[in-house]
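Number 391 in our numbering belongs to position 391 of the sequence shown; there are no gaps in the numbering.
Beta carbons: idealized from backbone N, C-alpha and C, even for Gly.
Beneath this line is the structure, given in structure tokens, with notes to follow.
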Amino acid sequence: MNTTVDLDVIRHILSLLSPCEIVRFRQVSKKSRDLTHSHALWKEVYANARFPRPPGPFSWQSTRYLERTLVQSELVSKTWTSQPPKMLSRTLTKCKGRDYTWTVVFGRWCIFLEGDKIQCHDIDSDTYHSLYEGTAYPSDWFTAHMAAYINGHRVCLLLFNISDQQYELRRLLAFRVNDDGFSEPEIIGWTHTGSQQLDGWQSVGGFHGSTPFITVRRDHPCLILDVRTRRSYRLSMSEMIPNDLANQSPDTWYNNVILTKTHVISVWMYTSGPSFDATVLIQAFVVPDSAIPHDVGELRLTHEVILYTYLRSSGLLRNSIVDPVTGSVNIRILHVTANGPAAEQSHMMCLDLALPKPVSNTDVLPISIRSQHLFESSWEFERYTVSDDGYARGLLLTERESPYLGFSSVRKFTIDASREEHAIAISDPCPLDLPVESDDIAFDGTRGRIHYIQRNDDDDDDIDAEVVTIDLA
1 MNTTVDLDVI
11 RHILSLLSPC
21 EIVRFRQVSK
31 KSRDLTHSHA
41 LWKEVYANAR
51 FPRPPGPFSW
61 QSTRYLERTL
71 VQSELVSKTW
81 TSQPPKMLSR
91 TLTKCKGRDY
101 TWTVVFGRWC
111 IFLEGDKIQC
121 HDIDSDTYHS
131 LYEGTAYPSD
141 WFTAHMAAYI
151 NGHRVCLLLF
161 NISDQQYELR
171 RLLAFRVNDD
181 GFSEPEIIGW
191 THTGSQQLDG
201 WQSVGGFHGS
211 TPFITVRRDH
221 PCLILDVRTR
231 RSYRLSMSEM
241 IPNDLANQSP
251 DTWYNNVILT
261 KTHVISVWMY
271 TSGPSFDATV
281 LIQAFVVPDS
291 AIPHDVGELR
301 LTHEVILYTY
311 LRSSGLLRNS
321 IVDPVTGSVN
331 IRILHVTANG
341 PAAEQSHMMC
351 LDLALPKPVS
361 NTDVLPISIR
371 SQHLFESSWE
381 FERYTVSDDG
391 YARGLLLTER
401 ESPYLGFSSV
411 RKFTIDASRE
421 EHAIAISDPC
431 PLDLPVESDD
441 IAFDGTRGRI
451 HYIQRNDDDD
461 DDIDAEVVTI
471 DLA
């Protein structure tokens, strides 16, 4: 047997170890050190890891990135549900100005608005630098969206001017992101030509299906943008809406968009009456062909279904799997419901969407749904990170009693939905004082890291606000 084959066999054996075990094996000898720095080895380990991590492995992701990401996530997984939350470290991002416009991307970089500048704080190295000087196009607000696909991570910033409570788009910037930070901004020549306003919602929930799309408008008509081609697409409402709801204004429908490899999933909810009776419309649109030229195209609706449940949140849990025999597509989403906005009990479940292969270019087929109950308890808000092969890690937050805003306790959970049947582990409730509203909390499950903003009301202090980053065990 030649040396090349022997090395391949050894690398395969090493790939069966955990990331932390591989790092320990590195200390054995010079040969083991060389073997454990192999990019091919870490790509294989990354692809087969059984805990949450960002999309990958891609050829542009360095060995250092793959190793560090896996080791961080594995260390968090060892104690996530078995021990109460413990603060490992606390980092502050100091913000000047009264805008309080901020977000954290990839769990590492805190981006905030300071006058006419977009500033960035590298939380790991505790260094600051400017991303964009906006004196020519001053902005009052920005939203940040993350996209990940085969050619690299992207952060897109939509810069807005706010006038009469309307968001006017001033600039759309795109940055490449790697271990060393952000590239110079690329000004994307995309002009929103529709009459509807874009929304100012931050996309702080992490990656969305490893796709190059971002959602720039969630209200009807929903609008997504392909950051590669600068083309945008509408998601139309269905004719399947019940007659008693058909005359309701589409603006009264709440929408959540889930991006997958094969489909764009739109989850609409409408509530009515004192009991908040809810109708949920789930639609599947085929991923657009980027070769078709247009300004604003409309995606083709292929599948849909109606549910009668109060939806609180939904997100991709396992990406599209195409059956090689039937051509049907299976997508698993994480679905959180309640009996209304003030319900005492919340329900977490997996929804398996089965999309049969279309038989024509015009028919809209029904979606078959299989639900698997995960957990039921009392909590108000959830934050979680999902890798789209079925692994999730998150927090269930319980609000403190009035008159003070914030949260008083937390439960940590992990989900393994990579196989046909799921598994969930949940910790006991533990005290955790977070003196903020839910919209001011971001979470990175790979690192077990939460972020929130606290205002400084001291007029004598140069710092107006601080984004607090806490690493939890």
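C-alpha gap between residue i and residue j, whole angstroms
i, j, result
"residue 190", "residue 230", "6 Å"
"residue 435", "residue 323", "48 Å"
"residue 367", "residue 260", "16 Å"
"residue 430", "residue 469", "19 Å"
"residue 179", "residue 124", "11 Å"
"residue 283", "residue 213", "17 Å"
"residue 74", "residue 107", "16 Å"
"residue 17", "residue 48", "11 Å"
"residue 60", "residue 377", "42 Å"
"residue 8", "residue 168", "56 Å"
"residue 93", "residue 6", "49 Å"
"residue 394", "residue 432", "14 Å"
"residue 421", "residue 448", "25 Å"
"residue 156", "residue 364", "33 Å"
"residue 428", "residue 472", "15 Å"
"residue 215", "residue 11", "40 Å"
"residue 110", "residue 118", "10 Å"
"residue 161", "residue 133", "15 Å"
"residue 410", "residue 85", "8 Å"
"residue 181", "residue 271", "43 Å"
"residue 347", "residue 238", "27 Å"
Own chain partners of residue i with C-beta closer than 7 Å, once the 5 adjacent residues on each side are dropped
i, result
"residue 101", "112, 113, 141 and 142"
"residue 26", "32, 33 and 36"
"residue 52", "73, 385, 386, 387, 391, 392, 393, 445 and 446"
"residue 325", "none"
"residue 207", "Interpretation of residue 207 is limited by its pLDDT of 44, a score under 50 that renders its predicted location unreliable; the figure taken from the coordinates is listed afterwards. If we look at residue 207 and ignore the five residues flanking it on each side, its Cβ neighbours are 54, 55, 146 and 148."
"residue 327", "357"
Close-in-space but distant-in-sequence residues of the same chain around residue i (CB under 6 Å, 5 per side omitted)
i, result
"residue 183", "175 and 176"
"residue 221", "234"
"residue 56", "46"
"residue 425", "81 and 414"
"residue 373", "349"
"residue 307", "280"
"residue 159", "139, 142, 170 and 171"
"residue 186", "174"
"residue 555", "Past the edges of the chain, shown from 1 to 473, lies residue 555, and the structure says nothing about it."
DSSP state of residue i mapped onto helix, strand, coil
i, result
"residue 60", "coil"
"residue 287", "coil"
"residue 427", "coil"
"residue 151", "coil"
"residue 436", "coil"
"residue 308", "coil"
"residue 24", "helix"
"residue 13", "helix"
"residue 19", "helix"
"residue 361", "coil"
"residue 474", "As displayed, the chain neither begins before 1 nor continues past 473, which places residue 474 out of reach and without an answer."
"residue 44", "helix"
"residue 34", "helix"
"residue 74", "helix"
"residue 219", "coil"
"residue 373", "strand"
"residue 422", "coil"
"residue 186", "strand"
"residue 127", "strand"
"residue 108", "coil"
"residue 7", "helix"
"residue 398", "strand"
Proximity below 8 Å, CB of residue i to CB of residue j
i, j, result
"residue 388", "residue 319", "yes"
"residue 351", "residue 379", "no"
"residue 355", "residue 263", "yes"
"residue 442", "residue 451", "yes"
"residue 423", "residue 390", "no"
"residue 407", "residue 398", "yes"
"residue 353", "residue 330", "yes"
"residue 444", "residue 385", "yes"
"residue 62", "residue 44", "no"
"residue 148", "residue 105", "no"
"residue 467", "residue 120", "no"
"residue 91", "residue 126", "yes"
"residue 23", "residue 71", "yes"
Residue i Cβ short of 7 Å to the ligand PLP heavy atom set
i, result
"residue 118", "Within the structure as shown, the ligand PLP is missing, as the structure has no ligands at all."
Neighbourhood of residue i by C-beta distance below 8 Å, restricted to the same chain and skipping five residues each side
i, result
"residue 311", "254, 256, 267, 269, 278, 280, 335, 336 and 337"
"residue 300", "285, 286 and 361"
"residue 240", "281, 304, 306 and 364"
Three or more C-beta pairs below 8 Å linking the segment 157-174 and the segment 76-89: Between the segment 157-174 and the segment 76-89 there are fewer than three C-beta pairs closer than 8 Å, too few to call the two in contact.
Three or more C-beta pairs below 8 Å linking the segment 32-44 and the segment 60-73: The segment 32-44, when compared against the segment 60-73, does touch it at the 8 Å Cβ threshold.
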